[in-house]
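The structure appears below as structure tokens.
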Amino acid sequence: MVFDNVKNAALYYGLGDRFRTALEWMARTDTSNFHSGDKIEIDGDQIFARYFEVDTKSPEGALPEAHEHYADIQCLLEGEEAVGYALKDGRAPAKPYDPEADIAFWDVPFDTIRLKPGDFYIVWPEDLHAPRLAPEAPSRVRVLVVKVRVD
Numbered sequence: 028m029v030f031d032n033v034k035n036a037a038l039y040y041g042l043g044d045r046f047r048t049a050l051e052w053m054a055r056t057d058t059s060n061f062h063s064g065d066k067i068e069i070d071g072d073q074i075f076a077r078y079f080e081v082d083t084k085s086p087e088g089a090l091p092e093a094h095e096h097y098a099d100i101q102c103l104l105e106g107e108e109a110v111g112y113a114l115k116d117g118r119a120p121a122k123p124y125d126p127e128a129d130i131a132f133w134d135v136p137f138d139t140i141r142l143k144p145g146d147f148y149i150v151w152p153e154d155l156h157a158p159r160l161a162p163e164a165p166s167r168v169r170v171l172v173v174k175v176r177v178d
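If you're matching positions, the sequence shown starts at 28 in the numbering used here and goes up one per residue.
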């Protein structure tokens, strides 16, 4: 997992051309005309983004997720959010992998990191993450999720 602020995005260009493209796009994109749930194509199925305006949720009962084919770059644009984080460590998912959605869920304990607007994190297929957790009371957040194909 990488955790940083968008002002430092260039530090991660060395992760490869796809990550550079994704991070450059994320850092310069105006989201004012996006609607919650929009899918934005950046480079076909290699790099694309989703924009969300959603309410955070209580960490109690949250199930961390992971993907097999994509790394996530999630950037908090507005509001307050926490993300849960754990490693798979060879544990089997509690809810089986859905290949159409490229997601599975685990029922494991996790640590949390608090995000402020402009903060982003990158998670790879071996990273479990529980996004959009309420650090205190649930509230509205705006989030940009960029998916980068890694296989």
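A virtual CB, placed ideally from N, CA and C, is assigned to each residue, including glycine.
Keep in mind that this is a model prediction, so the values were computed, not measured.
Cα-Cα separation between residue i and residue j, rounded to whole angstroms
| i | j | result |
| --- | --- | --- |
| A131 | R159 | 17 Å |
| P144 | N35 | 14 Å |
| D125 | A93 | 11 Å |
| T139 | D70 | 31 Å |
| R45 | D57 | 20 Å |
| F61 | W151 | 26 Å |
| S59 | H96 | 29 Å |
| M53 | I74 | 11 Å |
| V135 | P91 | 7 Å |
| I67 | N32 | 22 Å |
Those residues which DSSP pairs with residue i across a bridge
| i | result |
| --- | --- |
| G111 | T139, A157 |
| N60 | According to DSSP, N60 bridges with nothing at all. |
Proximity of residue i and residue j at Cβ, strictly below 8 Å
| i | j | result |
| --- | --- | --- |
| Y78 | L171 | yes |
| P162 | E105 | no |
| R176 | D65 | no |
| E80 | S63 | yes |
| A113 | F147 | no |
Closest by C-alpha distance to residue i, when choosing among the options
| i | options | result |
| --- | --- | --- |
| L42 | A98, A93, L90, G117 | A98 |
| R167 | D44, L103, S59, A49 | L103 |
| F30 | H156, I67, A89 | H156 |
| L38 | V173, I149, D154, D178 | I149 |
| P165 | N32, T83, M28, E51 | T83 |
| D154 | S85, D116, A109 | D116 |
Local conformation of residue i per DSSP, three classes
| i | result |
| --- | --- |
| V177 | coil |
| D65 | coil |
| L42 | helix |
| R47 | helix |
| A121 | coil |
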